[in-house]
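Here the structure comes first, spelled out in structure tokens, and everything after it is commentary.
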Amino acid sequence: MELIVGKTVQVDEKNRYFFAGKIENETIKGWGYTRYYVSKLGPMAGTLMAGDPNVPKVSKFITLAGEPYIIRYNSRVPIVVYVPEGVEVRYRIWTTDVGLKEMQKGYAASKEEYQNVFVEHLEMGPATYLNLNVHGATAADIDNKLTELYHGNGLQPFWIRDGMPDKRAADILAVLEDAESHGLHPDSYFIDMIHNHWDRKDTVGLVRLDMLLTLGMMRYVADQAEGRIEPHEVDPKLFATARDVEVDWEDDVLYFYEDIYGRDQLLAKALFGSGQ
171 MELIVGKTVQ VDEKNRYFFA GKIENETIKG WGYTRYYVSK LGPMAGTLMA
221 GDPNVPKVSK FITLAGEPYI IRYNSRVPIV VYVPEGVEVR YRIWTTDVGL
271 KEMQKGYAAS KEEYQNVFVE HLEMGPATYL NLNVHGATAA DIDNKLTELY
321 HGNGLQPFWI RDGMPDKRAA DILAVLEDAE SHGLHPDSYF IDMIHNHWDR
371 KDTVGLVRLD MLLTLGMMRY VADQAEGRIE PHEVDPKLFA TARDVEVDWE
421 DDVLYFYEDI YGRDQLLAKA LFGSGQ
């Protein structure tokens with residue numbers, strides 16, 4: 171069973187929204203049963219796509235952000251969920267096919283499956299969800315660039331081949347894991363989340379892995395170009411001439427690729443529509 175916690179609020183139809191918070195659980199002492207609870211719901215966040223302010227808002231059930239919360243279902247045991255007043259609890263029953271099916275080697279999702287999942291995830295604003303703001307670029311700016319990149323690639327993954335991460339994905343992960351040798355912290359580049367999705371075989375998991383690799387790479391490029399800490403903020407007198415500069419996403423990202431495995435004209439064309 172999937173537990174879904176959220177609240178019905180008035181929002182615009184164009185953007186995707188979600189609440190901060192999480193479902194937690196504890197064992198009831200003396201009984202051994204589990205109860206679930208949400209201590210706090212919010213604040214609400216979402217994508218920042220501009221819309222017509224004159225269009226009336228609509229009622230939508232906005233849920234907690236994050237992965238689906240799946241629990242074991244037993245029809246003889248009640249499921250108890252405590253939530254703040256005004257918060258709703260909904261559920262979804264998941265069933266399985268009793269038959270076993272053999273998966274073909276090298277199985278990969280169809281183009282249409284990838285397109286549908288990429289559209290859904292890009293609309294949610296991955297950088298907004300991860301609270302990713304890089305050197306003057308807001309989460310909305312990064313989400314717009316990410317959307318542009320993937321639409322330019324036909325809403326197909328960059329780093330997934332035959333249903334699994336390819337060599338380039340492994341190269342990127344290796345560089346991000348080695349960030350400490352350049353004075354950077356690997357945790358800043360979603361290493362744990364990448365590892366959690368690395369062996370996923372479902373389309374949703376592969377799309378998330380691909381986007382995490384891209385976002386981790388983008389942040390790494392920005393930090394290499396400008397540094398993780400603005401020097402003039404550390405000591406204004408010592409670094410009086412230091413200034414913030416804007417990341418050139420195309421040139422700097424291409425340099426990243428050259429650094430790890432040489433210039434890749436096809437990749438450059440796929441990412442940026444040119445072979446520069």
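Counted the way this note's numbering counts, the sequence shown spans residues 171 to 446.
No residue lacks a Cβ here, since even glycine has one placed at the ideal position from N, Cα and C.
| Check | Outcome |
| --- | --- |
| Can you give me the C-alpha to C-alpha distance between residue 171 and residue 263, rounded to a whole angstrom? | 5 Å |
| For residue 334, which of helix, strand or coil comes out of DSSP? | strand |
| Please report how far the alpha carbon of residue 217 lies from the alpha carbon of residue 200, in whole angstroms. | 45 Å |
| Assuming residue 169 and residue 390 form a contact by the criterion Cβ under 8 Å, report the distance between their Cβ atoms to the nearest whole angstrom. | Past the edges of the chain, shown from 171 to 446, lies residue 169, and the structure says nothing about it. |
| Do residue 312 and residue 385 have their CB atoms nearer than 9 Å? | yes |
| In the structure shown, what three-state DSSP assignment does residue 297 receive? | helix |
| Buried or exposed for residue 298, going by 16 or more other Cβ atoms inside 10 Å? | buried |
| Quick check: what's the CA-CA separation for residue 301 versus residue 284? | 24 Å |
| Out of 377, 372, 174, point me to the one whose CA is closest to residue 258's CA. | 174 |
| Which of helix, strand or coil does DSSP assign to residue 240? | strand |
| Suppose the cutoff is 6 Å on Cβ atoms and the five residues either side in sequence are ignored; what does the same chain contact list for residue 228 look like? | 183 |
| Among all the DSSP beta bridges, which residues are the ones paired with residue 203? | None, per the DSSP bridge assignment. |
| Cβ of residue 231 within 9 Å of Cβ of residue 295? | no |
| Could you tell me which residues DSSP puts in a beta bridge with residue 189? | 214, 234 |
| I believe residue 379 touches residue 370 by the beta-carbon criterion, under 8 Å. Please report the beta-carbon distance rounded to the nearest angstrom. | 6 Å |
| What is the DSSP secondary structure of residue 229, counted as helix, strand or coil? | strand |
| Is residue 266 near residue 292, with beta carbons less than 9 Å apart? | no |
| For residue 250, does the count of other Cβ atoms within 10 angstroms reach 16, so buried, or fall short, so exposed? | exposed |
| Give the C-beta separation of residue 190 and residue 220 to the nearest angstrom, bearing in mind that I take them to be a contact with Cβ-Cβ under 8 Å. | So it is not a contact: roughly 23 Å between Cβ atoms. |
| The alpha helix (DSSP H) that contains residue 318, what's its start and end? | 309-322 |
| When you compare the CB positions of residue 368 and residue 335, do they come within less than 9 Å of one another, or not? | yes |
| Leaving out five residues before and five after residue 241 in sequence, what residues of the same chain have Cβ atoms less than 6 Å from its Cβ? | 171 |
| Only counting the same chain, and skipping five residues up and downstream in sequence, which positions put a Cβ closer than 6 Å to that of residue 195? | 204, 206 |
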